[in-house]
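Structure record follows, encoded as structure tokens.
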Amino acid sequence: MPTMTYLQAISDALRTEMRADERVFVMGEDIGEFGGAFKVTEGFLAEFGPSRVMDTPLAESGIVGTAVGAAVVGMRPVCEMQFADFVSCGFDQLINVAGKMYYRQGLPVNITVRLPSGGGFSGGPYHSQNPEAWFMHSPGLKVVAPSTAQDAKGLLIAAIRDRNPVVYMEHKHLYRRVKGEVDEGSYETPFTARVAREGTDLTVFAYGAMVHTALEATEDLDGASVEVVDLRTLKPLDEEAILASVRKTSKALVVDEANQTCAAGAEVAALIAEKAFEDLDGPVRRVATPDVPIPFSPPLEQAVLPSVERIREAARELLEY
Amino acid sequence: MRMHGHAAHDDMKYVPRAQVEEWRAKDPIDRQVARVESYGADVEALRAEVQAQIDAATEQALAQPMPDPATATDGVFYDGDQDVVLGDGHAPWSGFAEGDA
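So the protein sequences, as listed, match chains A and B. Residues in the first sequence are numbered consecutively from 1, following our numbering. Residues in the second sequence are numbered consecutively from 1, following our numbering.
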């Protein structure tokens, strides 16, 4: 089994699907000759040609709208937003057109929108956001957020094959930092949660880059046995896996790199409060980024993003219940 | 130029009459009618065909029972595995109708 970075796994998924299915094509800003801002599509233009690797103008609404049109006549487009932050320019096509097309007109919209998201590298307020909750809130869209190379590939293939619009959150800080064994060929990762580490005293729920922060924070925590659940898919949330873990550990800490209000973790906390109240031995605790734009200044950014220390502190308080 | 108010409740009194008349003379739909007629298209027949489609669809919709409230949250996502694509390419007004190319 080859070892790949998270970024290579994303490229591998795209390449695998494009080789297997001529309906799959990619569109985005500078993804052709330049290979994409992060080089995810490097070499794609040479292999697949300009009709399947389309450089677009800086017009996210046009990118998503063109993809929707292509999808309803039978194509399977994959759009790259150069940074997740820029998807706000493509909002109407994604939220109002793609998300509602099937309910309104019975036409499935088989598109995947890749969103390079997340901070931690002084990218500043326009290149560091985690906008997944916007899409969770909007009916008709699925949202996935891998944390490992193996899942990055499998979730992207599953997203491309899913007949519905899927928003694929790829965390930039994991691109070259995370490596792992990745299955060769084609496979789909199901839209379910994954237990990243088993434990019995407390569960930390996280996704994307925060899975790694949570694992590091709780690896050696005063001898406590801490379970870490990687949500992997945010819409639909894997209710069964979330509730099963809480029933086992009776304590839940929910971590978001996104801004706190109405973040994915708020939905996890609400679910636990509603359906696992009797199983809890303490309050559901949250660690998230406060409601502030992501600062450019390194010490300020580190002050707002959830850190190993903040997670350890919250976990310790919760373990005392 | 918008030739009618936003909806039935809007009589567009706030738009000067002369301005409306000036733009009525330049109405792009009327100009397009003249243009395609010059190519020999029968615009009235096309209008009648489209109107008949609209009337039939309206009649069909009105003949349906009102939906069961229990189905309000159905059909947000497509769960099947069929290829469902738009239309059959029948668009006689596009100029690329079957046999026309």
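Even glycine gets a Cβ: it sits at the ideal position worked out from N, Cα and C. On a predicted model such as this, the values are computed, not experimentally measured, just so you know.
Asked                                                                                                                         : Found
Beta-carbon separation (whole angstroms), Leu14(A) vs Thr41(A), contact threshold 8 Å                                         : 7 Å
Proximal chain A residues relative to Leu86(B), where beta-carbon distance stays under 8 Å                                    : Val72, Val73, Leu107
Rounded C-alpha distance that separates Val85(B) from Tyr103(A)                                                               : 15 Å
For Met27(A), the three-state DSSP class (helix, strand or coil)                                                              : strand
From Arg163(A), Pro146(A), Ala149(A), residue whose alpha carbon lies closest to that of Pro77(A)                             : Arg163(A)
Chain-ordered chain B contacts of Asn164(A) [CB-CB under 8 Å]                                                                 : Phe77, Tyr78
Chain B contact for Pro139(A) (CB, 8 Å cutoff)                                                                                : yes
Contact list for Asp83(B) against chain A, beta-carbon separation under 8 Å                                                   : Gly74
Separation of Asp291(A) from Ala97(B), as counted between CA atoms                                                            : Its pLDDT being 42, under 50, Ala97(B) is placed unreliably in this model, and the value from its coordinates should be taken loosely. Ala97(B) and Asp291(A): Cα-Cα distance of roughly 55 Å.
Cut-off 6 Å between Cβ atoms - residues of its own chain near Pro295(A), not counting five sequence neighbours on either side : Glu301
Where the beta strand (DSSP E) through Ala206(A) begins and ends                                                              : 202–206
Residue of Val287(A), Tyr175(A), Phe25(A), Val246(A) minimising C-alpha distance to Met4(A)                                   : Tyr175(A)
Residues near Asn259(A) by beta carbon distance below 6 Å, same chain, minus five either side                                 : Thr289, Asp291
Any chain B beta carbon closer than 8 Å to Tyr103(A)                                                                          : yes
Residue nearest to Ala84(A) in terms of C-alpha spacing, selected from Glu29(A), Pro50(A), Gln105(A), Thr203(A)               : Glu29(A)
Counted within 10 angstroms of its Cβ, other Cβ atoms place Leu226(A) as buried (16 or more) or exposed                       : In the sequence as displayed, the identity of residue 226(A) is Val instead of Leu. Label assigned to Val226(A): buried.
For Phe135(A) and Ala71(A), the rounded distance between their alpha carbons                                                  : 19 Å
Contact the segment 175–186 of chain A vs the segment 129–144 of chain A: 3+ CB pairs below 8 Å                               : no
Cut-off 6 Å between Cβ atoms - residues of its own chain near Asn130(A), not counting five sequence neighbours on either side : Ser117, Gly118, Glu257, Ala258
Contacting residues, own chain, Cβ-Cβ under 6 Å from Ile95(A) (five flanking each side not counted)                           : Ser138
Residue ranges of each beta strand (DSSP E) within the segment 224–262 of chain A, 3 or longer                                : 226–230, 233–235, 252–259
The segment 149–157 of chain A / the segment 213–222 of chain A touching (three or more Cβ pairs under 8 Å)                   : no
C-beta contact flag for Gly74(A) and Arg19(A) at 8 Å                                                                          : no
Length of the line joining the Cα atoms of Ile331(A) and Ala159(A)                                                            : Nothing about residue 331(A) can be reported from this structure: the residues present for chain A run from 1 to 321 only.
Met169(A) and Ala193(A) closer than 8 Å at C-beta                                                                             : no
Distance CB(Val182(A))-CB(Asp12(A)) smaller than 8 Å                                                                          : yes
Start-to-end residues for the alpha helix (DSSP H) that takes in Leu45(A)                                                     : 44–48
Buried or exposed (CB count within 10 angstroms, at least 16 for buried), Lys142(A)                                           : buried
Under the three-state DSSP convention, the category Gly180(A) falls into                                                      : strand
For Gln51(B) and Gln32(B), the rounded distance between their alpha carbons                                                   : 18 Å
Beta-carbon proximity list for Ala37(A), same chain, < 7 Å, skipping 5 on both sides                                          : Asp30, Gln82
Reduced DSSP secondary structure (H/G/I, E/B, other) of Glu22(A)                                                              : coil
Environment of Tyr78(B) [buried if 16+ CB atoms lie within 10 Å]                                                              : buried
Pairwise C-alpha distance: Gly69(A) and Ile54(B)                                                                              : 23 Å
Supposed contact pair Leu234(A) and Tyr207(A) - C-beta distance, whole angstroms, cut 8 Å                                     : 7 Å
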